[in-house]
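The working numbering numbers the first residue of the sequence shown as 21 and each following residue consecutively. C-beta atoms are modelled at their ideal positions from N, C-alpha and C, and glycine is treated no differently. These figures come from a predicted structure and were not determined experimentally.
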Amino acid sequence: ALPPAGEAAATAAWHRFRDERLLGYAEGRNTPGTNGTSRLSAYLNYGCIHPRTLLADLAAGPDSESVRSYANELAWRDFYADVLWHRPESAREYLRPELQAMDYDSGPDAEELVRAWQTGRTGFPIVDAGMRQLLGEAYVHNRVRMIVASFLVKDLHQEWTLGARWFMQHLVDGDLASNQHGWQWVAGTGTDASPYYRVFNPITQGKKFDPDGTYVKRWVPELRDLDPKHVHEPWTAPGGVPAGYPEPVVDHAHERQVALDRYTRATRS
21 ALPPAGEAAA TAAWHRFRDE RLLGYAEGRN TPGTNGTSRL SAYLNYGCIH PRTLLADLAA
81 GPDSESVRSY ANELAWRDFY ADVLWHRPES AREYLRPELQ AMDYDSGPDA EELVRAWQTG
141 RTGFPIVDAG MRQLLGEAYV HNRVRMIVAS FLVKDLHQEW TLGARWFMQH LVDGDLASNQ
201 HGWQWVAGTG TDASPYYRVF NPITQGKKFD PDGTYVKRWV PELRDLDPKH VHEPWTAPGG
261 VPAGYPEPVV DHAHERQVAL DRYTRATRS
């Protein structure tokens with residue numbers, strides 16, 4: 021369901037987060053199975069509440085690691101807005117132009133893999149949960165956004181612009197600056213980007229940030245009966261992959277090396 025609209029709803033949502041969950045933000049912001057984030061992104065996107073209002077409230081209260089962490093996320097949002105203001109072409113063009121030479125996959129098989137990613141049918145539970153959340157709620161937890169973006173770019177070898185467009189078509193909080201530059205960060209093509217050799221492993225990321233499988237089981241009901249130790253690797257379960265859920269569409273270790281080889285060639289060309 022979409023969040024209730026308007027300034028009053030935005031203010032109420034902020035006050036609930038500030039009073040009830042802010043102190044646990046630094047620890048909980050990366051765990052998609054918990055209610056650890058503010059979920060204010062849509063309100064910020066549509067101007068229902070201003071970042072300065074949030075920062076003023078933070079400054080008026082006690083300092084903590086969580087307060088600093090939340091303020092830092094607001095700073096990233098404004099930083100990306102500033103980048104887009106000064107470099108409007110960065111909404112569609114690489115900020116590291118040398119990576120325009122990257123090789124990407126195309127053809128019917130590649131298109132089928134993209135459709136599997138879009139619909140949450142990759143066989144990698146944390147990826148599928150995120151993509152199903154996108155279609156179901158028009159929202160994806162930020163940690164999971166990075167995981168699914170890395171999977172599209174570095175496991176399926178697709179250009180970041182394809183994923184950025186898909187997100188903008190479906191996200192209720194689809195802010196052009198944050199979205200495009202977030203994708204560029206993951207792809208290694210943007211300003212202050214993640215190093216190109218950082219490839220998110222969807223299995224280890226799932227185990228680390230959704231250890232009991234709460235998030236995956238919510239969005240991937242085919243896996244609800246699995247023991248938590250198998251939920252991020254359902255092919256290791258005694259009975260194998262549950263009926264109705266796909267086998268992994270790629271070998272992550274192999275595709276990771278393919279991505280690294282392509283990035284190396286592009287940066288040396």
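Mapping the DSSP letters down to three states, classify residue 89 as helix, strand or coil. helix
Would residue 3 pass as a contact of residue 169 if the rule is Cβ separation under 7 angstroms? Past the edges of the chain, shown from 21 to 289, lies residue 3, and the structure says nothing about it.
Note the first and the last residue of the continuous alpha helix (DSSP H) segment covering residue 277. 272-288
Distance between residue 228 and residue 45 (C-alpha atoms, nearest Å): 17 angstroms
Check whether the stretch 88-107 touches the stretch 146-155, counting contact only when three or more Cβ pairs, one atom from each stretch, lie closer than 8 angstroms. With a cut-off of 8 angstroms, the stretch 146-155 and the stretch 88-107 do not count as touching, because too few Cβ pairs lie within range.
With a CB to CB cut of under 8 angstroms and the five nearest residues on each side skipped, what residues in its chain are close to residue 60? Short of 8 angstroms from the beta carbon of residue 60, and not among the five residues preceding or following it, lie these beta carbons of its own chain, in chain order: 30, 33, 34, 37, 69, 74.
Among 186, 23, 238, 95, which has the Cα closest to the Cα of residue 153? Of the candidates 186, 23, 238, 95, the residue whose Cα lies closest to the Cα of residue 153 is 238.
Mind reading off the beta-carbon distance from residue 279 to residue 219? Whole number of angstroms is fine, and I expect it under 8 angstroms. 6 angstroms
Straight-line CA distance for residue 8 to residue 167? For the chain, the structure presents residues 21 to 289; residue 8 sits outside this window and is missing.
What separation, rounded to the nearest whole angstrom, lies between the Cα atoms of residue 243 and residue 253? 10 angstroms
Verify whether the separation of the beta carbon atoms of residue 136 and residue 180 is less than 7 angstroms. no
Measuring only the C-alpha atoms, how far is residue 41 from residue 48? A straight-line Cα-Cα distance of about 9 angstroms links residue 41 and residue 48.
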